[in-house]
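The sequence shown lines up with residues 76 to 1056 when you count with this note's numbering.
Cβ atoms here follow ideal geometry from the backbone N, Cα and C, with glycine treated the same way.
None of these values were measured; they are calculated from a predicted model.
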Amino acid sequence: MLAFAQQRTVTGTVVDDLGQPLIGVSILEKGTTNGVITDMDGNFSLKLTSENPTLVFSYIGYKTQEVSVGGKTTLNVTMSEDAEQLDEVVVVGYGVQKKSSMTASVSSVSSKEIVKTMSSNVASTLQGRMPGVDIVQQAGVAGADVNILVRGAASFGATEPLYVIDGAFSNNGLTSINPNDIESIEILKDGAAAAIYGSRAANGVVLITTKRGKSGKPVVEINGSFAVQTPTNIPDFLNASQWREFANMVADNSGMAHAPENDNPTYPNVDTDWADEWLQFAPMWNLNASISGGGENSTFSTSIGYLDQTGMTVYSDYKRYNFRLNSSYKKGIFSLSENVAISHRDQTPTTAFNIKLPTLPIYDNEGRLVSGGPDYYINPEDGQSKNPFASLEYSDRYNKVTEIIGALNAELDIWKGLKYKLSVSGNYSAGHNYTHTPQYDTRWFEDGTVDIDYSNTENSVSESRSEEFTYTIDNLLTYNQTFNGHHVDALLGTSWMREYSRNMSIATIDDLGATNITGFQDIDGRISAGDSNAALLSFFARLNYDYEGKYLLSASIRRDESSKFYKDNRVGYFPSISAGWNLHQEEWFENPVISKLKIRGSYGELGANFLDPYNFDPIAFGPIPYTLGGNRYVDGRAAYLKSRDLTWETAKTTDIGIELGFLNNDLTVQVDYFIKKNVDLLAQIDLNLSSGQVFEINSSSEKPYVNSASVKNTGWEFLMNYRKQLTRDFSIDASFNFSTLKNKVLALGDNVQPITSGAMSSYFNDSPSITMPGHPIGSFYGYRIDGFDANGDFIFSDTDNNGIVNAEDKVILGNPIPDFSYGLNINMTYKDFDLTMFFQGVAGNEIFNQMKYTYYFDYSNNCVTDVLNAWSETNKNTNIPIMKTENTNGGNSLPSEFYIENGAYFRCKNFQIGYTLPKKCLDKMGFNNLRFYVGVQNLFTITDYSGYDPEVSSNVLFSRGIDNSSYPNARTYTFGFNASF
76 MLAFAQQRTV
86 TGTVVDDLGQ
96 PLIGVSILEK
106 GTTNGVITDM
116 DGNFSLKLTS
126 ENPTLVFSYI
136 GYKTQEVSVG
146 GKTTLNVTMS
156 EDAEQLDEVV
166 VVGYGVQKKS
176 SMTASVSSVS
186 SKEIVKTMSS
196 NVASTLQGRM
206 PGVDIVQQAG
216 VAGADVNILV
226 RGAASFGATE
236 PLYVIDGAFS
246 NNGLTSINPN
256 DIESIEILKD
266 GAAAAIYGSR
276 AANGVVLITT
286 KRGKSGKPVV
296 EINGSFAVQT
306 PTNIPDFLNA
316 SQWREFANMV
326 ADNSGMAHAP
336 ENDNPTYPNV
346 DTDWADEWLQ
356 FAPMWNLNAS
366 ISGGGENSTF
376 STSIGYLDQT
386 GMTVYSDYKR
396 YNFRLNSSYK
406 KGIFSLSENV
416 AISHRDQTPT
426 TAFNIKLPTL
436 PIYDNEGRLV
446 SGGPDYYINP
456 EDGQSKNPFA
466 SLEYSDRYNK
476 VTEIIGALNA
486 ELDIWKGLKY
496 KLSVSGNYSA
506 GHNYTHTPQY
516 DTRWFEDGTV
526 DIDYSNTENS
536 VSESRSEEFT
546 YTIDNLLTYN
556 QTFNGHHVDA
566 LLGTSWMREY
576 SRNMSIATID
586 DLGATNITGF
596 QDIDGRISAG
606 DSNAALLSFF
616 ARLNYDYEGK
626 YLLSASIRRD
636 ESSKFYKDNR
646 VGYFPSISAG
656 WNLHQEEWFE
666 NPVISKLKIR
676 GSYGELGANF
686 LDPYNFDPIA
696 FGPIPYTLGG
706 NRYVDGRAAY
716 LKSRDLTWET
726 AKTTDIGIEL
736 GFLNNDLTVQ
746 VDYFIKKNVD
756 LLAQIDLNLS
766 SGQVFEINSS
776 SEKPYVNSAS
786 VKNTGWEFLM
796 NYRKQLTRDF
806 SIDASFNFST
816 LKNKVLALGD
826 NVQPITSGAM
836 SSYFNDSPSI
846 TMPGHPIGSF
856 YGYRIDGFDA
866 NGDFIFSDTD
876 NNGIVNAEDK
886 VILGNPIPDF
896 SYGLNINMTY
906 KDFDLTMFFQ
916 GVAGNEIFNQ
926 MKYTYYFDYS
936 NNCVTDVLNA
946 WSETNKNTNI
956 PIMKTENTNG
966 GNSLPSEFYI
976 ENGAYFRCKN
986 FQIGYTLPKK
996 CLDKMGFNNL
1006 RFYVGVQNLF
1016 TITDYSGYDP
1026 EVSSNVLFSR
1036 GIDNSSYPNA
1046 RTYTFGFNAS
1056 F
């Protein structure tokens, strides 16, 4: 019997969860030294030496399996990823680090979560998934910009974090990247994590790692989806009969005559639902294909992607095209890798969701787009507006951006953990915006002649082009070695970066002539152009140390020298230090419940050079007119004064954290508390009269900047994960995060006036927000209301008790920054079915509903049905003032607590059900994996906010939380598949 066992051979194939062959899997006959590894196709053949052998299958990143052979001669084994091992290593600045040895605050999201949400921008898929990371966006707009805030806004300039994609700095954030190309996203949140990037990391760092090939047979993956977008909420607007009655009431309250069309309508059957007319069938297509693989010494991965998003409003859409190639080669002590990505974005800009009067027709009896004229309006001057569809129908508009980003890396393994790496990376982008508006007519008299007051009388073109190019050369020397339990990971590096930008725009002044003429020569036009470049030279070092995985220490220093500052202030130093203690590694630590316990703390300083080049040099303009000795001259010059004392903004961050694991780390908890103080912020000062710079030139006041302001952010961050294979067929992976944030302006500086947002109406110059010491950035600012007077007008509070109500009585009304935000993500699998549910929300913030001005007080538009509950002699139990035309110009419509609403919401951000075909079916079809899914984004939202949606604006500074976008959010129904073979 023993002789028979020795002659017996077992063969088979080892694959992963997707059915892909695994190369290099170790297969060992248990209790012996007899073993083999799988070949390029995942196949193996092993001669057995025992009678009842058990084979042990092990592979890095996968769970080790023991399989009894029994009487079999063939074994096919599927290995599952070991989530604990995979989570051990995370990407950090200029390298990777074991999660267990990290002493800084870093958040991570895997590709599995990103691709489950269909979006035109990767950043929007991160909302609610990471504590301390806030996503601010103009929801629902095709191709809309998305802003990421890491631990709150703390600068009056740029607030976006630094984006690094496979080692290359991105000038356009995450707009251009294909979500299906991403392997993982790490966000470096505290000073210790981000200080290695120095002067560009004050707002945090977002690291993107894209997918790379693996040795083995080529793998082809195809992912496709089709989605339909619908608005989540549309307010109720007045219909035609309601509008006529309401408009006549406004006219009566204002002592004005009724609009003729309200008493004797030309088109009595017209009842235009403008909200419905603006909306269109809005499909979204997404198709991606990739192929990856490799041999003994090389790997490759290449992909293409296409996204076609039709906007929810007519005349808007967005398209994105992607190509990416990653490859690597290693031979002996030398390795080479490259990554390059090309993207092209083509957007037809979304226009305002303009709700005009329901009595206005869109088309006349001949099917032409028509404007109504003054007879439809309470105030005849409002009737001078054209049909809003006309300019969109007749014009040609697009915004296009082409971007190339990539890096080339060469590495030499010098000696026992000592390596040298040369990295050359770059980012090039070219933008092209174009608008051609021909001559067109929208109103005709009864005799058929054109009413030119409602025509676009000139054929015009406006066009702009821009280019940006950044390249970086990094030289890195690393050393990674362990000596008797002492582990050292050191980095020494230099970096040289150059930035170039160029833009030019032109717009015609004179008529081009015939409608189809889009080129011109010898035609007057307006031309503007700009050009800039900057350089940054850096030296940096980092040391990570741990002893037996218990005691952790990390320190870094970076020296940056930037050409954006005057020569005496170009150098900045940005240090960090952090430490940690893995208590569960101690011999004396024995706890049947707690399987992991780590405490850590960090301090770091980060810099910011968020200013344009040459901002330290004064600029002379002229000639300008002046009077001297009674004579007028036009040869004077005026200067924009600048300060040569400008220096770095600095963010000083302290972080204390604790990490816990329970039930053999099935349940993990992480808690952080941070203090982030930004000092020497750039702010604009008012100049004395003696400076001579007290008037505007070219419509810009150009006040000089000084380093005088400071802002403080503090907060708690909580993250809990639970991952468990509960039964053979059922598993769950759930995470919950919760974070708080308090933002406070500490100082603006001498001669720096409080910063306000733009005027809320062109009829009066009053701003709804203010930034001043002692309050959060962009706090809402306006009048308190003490009820109504006898005429139904608001009584604004005399808060300073001087008997006069004026701008001095305005007070802080609310805070646009949530007190806390949270997210809950649940993934469950049962046999071949999977379910994903993602919930997200905020609380403690207010919204300034500026759309109330548009839909309550601006009678050139339709109004919401709430206005029917306005104050009147028979309806005094209301919070809405009397409706009259004076409201448009101020009075009741001035910024006040009338506009303030609760901004809290709870939203089901994503709900998805998937089904993966069983392996026996896949084998017959020739697939390794085939999954179909259906899902809904923004399934429901619970909120008290009365506007379109509580996600109201993409602005993160002085206008945050002000709802003036007039655009609904999208509920998206998605159908898709994932296939590989």
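- Task: Check whether the stretch 238-245 touches the stretch 644-652, counting contact only when three or more Cβ pairs, one atom from each stretch, lie closer than 8 Å.
- Result: no
- Message: Taking 6 Å as the limit between beta carbons, can you name the residues of its chain near Thr743, skipping five residues before and five after?
- Response: Gly736, Asn796
- Item | His659 classed as buried or exposed, judged by whether at least 16 other C-beta atoms fall within 10 angstroms | buried
- Task: Please say whether Gly1036 and Phe923 have beta carbons closer to each other than 8 Å?
- Result: yes
- Query: In angstroms, rounded to a whole number, what distance separates the CA positions of Trp656 and Ser814?
  - Reply: 24 Å
- Message: On a Cα-Cα basis, can you pick out the residue from Arg1006, Thr425, His561 that is closest to Cys996?
- Response: Arg1006
- What's the gap between the Cα of Thr86 and the Cα of Asn127? 16 Å
- Task: Determine which residues share a DSSP beta bridge with Glu441 and list them.
- Result: Partner(s): none; Glu441 has no beta bridge.
- Those residues which DSSP pairs with Thr475 across a bridge: It is Lys, not Thr, that sits at residue 475 in the sequence shown. Paired residues: Asp421, His507.
- Just how far apart, CA to CA, sit Phe356 and Leu992? 32 Å
- Can you give me the Cβ contacts of Leu483 inside the same chain, cut-off strictly under 6 Å, excluding the 5 residues immediately before and after it? Glu413, Val499
- Message: Suppose the cutoff is 7 Å on Cβ atoms and the five residues either side in sequence are ignored; what does the same chain contact list for Tyr1048 look like?
- Response: Ala302, Val303, Val1011
- Member of His419, Thr512, Ala334 whose CA lies at the smallest distance from the CA of Glu456: Ala334
- Message: Looking at the strands, I want to know which residues DSSP matches up with Phe520.
- Response: Bridge partners of Phe520: none, in fact.
- By Cβ distance, which residues of its chain are closer than 7 Å to Gln556, with the 5 residues on each side in sequence left out? Lys491, Gly492, Val563
- Task: From the DSSP output, read off the bridge partner residues of Lys787.
- Result: Lys752, Lys819
- Task: Closer than 8 Å by C-beta to Ser290: which residues in its own chain qualify, once you throw out the five before and the five after it? Chain order, please.
- Result: Ile98, Gly99, Met115, Gly368, Gly369, Gly370, Glu371, Thr374
- For the putative contact between Val221 and Ala198, defined by C-beta atoms under 8 Å, what is the C-beta separation to the nearest angstrom? 4 Å
- Item | Residue burial classification, His511 (beta-carbon count within 10 angstroms, cutoff 16) | buried
- Query: Between Thr347 and Ile437, is the Cβ-Cβ spacing less than 8 Å?
  - Reply: yes
- Message: Tell me the DSSP secondary structure of Asn531 in three-state form.
- Response: strand
- Message: Using C-beta distances below 8 Å, list every residue in its chain close to Asp1038, excluding the 5 sequence neighbours before and after it, in chain order.
- Response: Ile922, Phe923, Asn924, Gln925, Met926, Gly1022, Tyr1023, Val1027, Ser1028
- To the nearest angstrom, how far is it from the Cα of Lys105 to the Cα of Thr129? 6 Å
- Taking Gln202 as the reference, which of Ala219, Leu224, Val181 has the closest Cα? Leu224
- Near Lys752, what residues of its chain come up, given a Cβ to Cβ distance below 6 Å and the 5 sequence neighbours on each side ignored? Lys727, Lys787
- Classification of Asp256 by the beta-carbon crowding that lies within 10 angstroms, buried from 16 upward: buried
- Let me know the secondary structure DSSP gives Lys1057 once reduced to three states. This structure leaves residue 1057 out entirely; the chain is present only between 76 and 1056.
- Task: Using a threshold of 8 Å, state whether the C-beta atoms of Ala233 and Phe640 are closer than that.
- Result: no
- Message: Just verifying my parser: in three-state terms, what is the DSSP assignment at Arg573?
- Response: strand
- Please name the residue, chosen from Ser935, Glu486, Val445, that lies closest to Ala465 on a Cα-to-Cα basis. Val445
- Query: Counting only beta-carbon atoms, is His419 nearer than 8 Å to chain C?
  - Reply: Note that chain C does not occur in the displayed structure, where there is just one protein chain.
- Span of the alpha helix (DSSP H) holding Cys938? Looking at the DSSP string, Cys938 is not in any alpha helix (DSSP H), and its letter there is neither H nor E.
- Flag this pair as touching only if the stretch 144-159 and the stretch 175-187 have three or more C-beta atom pairs under 8 Å; answer yes or no. no
- Local Cβ density within 10 Å of Leu313, reported as buried at 16 or more and exposed below that: buried
- Message: Buried or exposed for Val476, going by 16 or more other Cβ atoms inside 10 Å?
- Response: buried
- Query: If you pair each beta-carbon of the stretch 894-910 with each one of the stretch 397-412, do three or more pairs fall below 8 Å?
  - Reply: no
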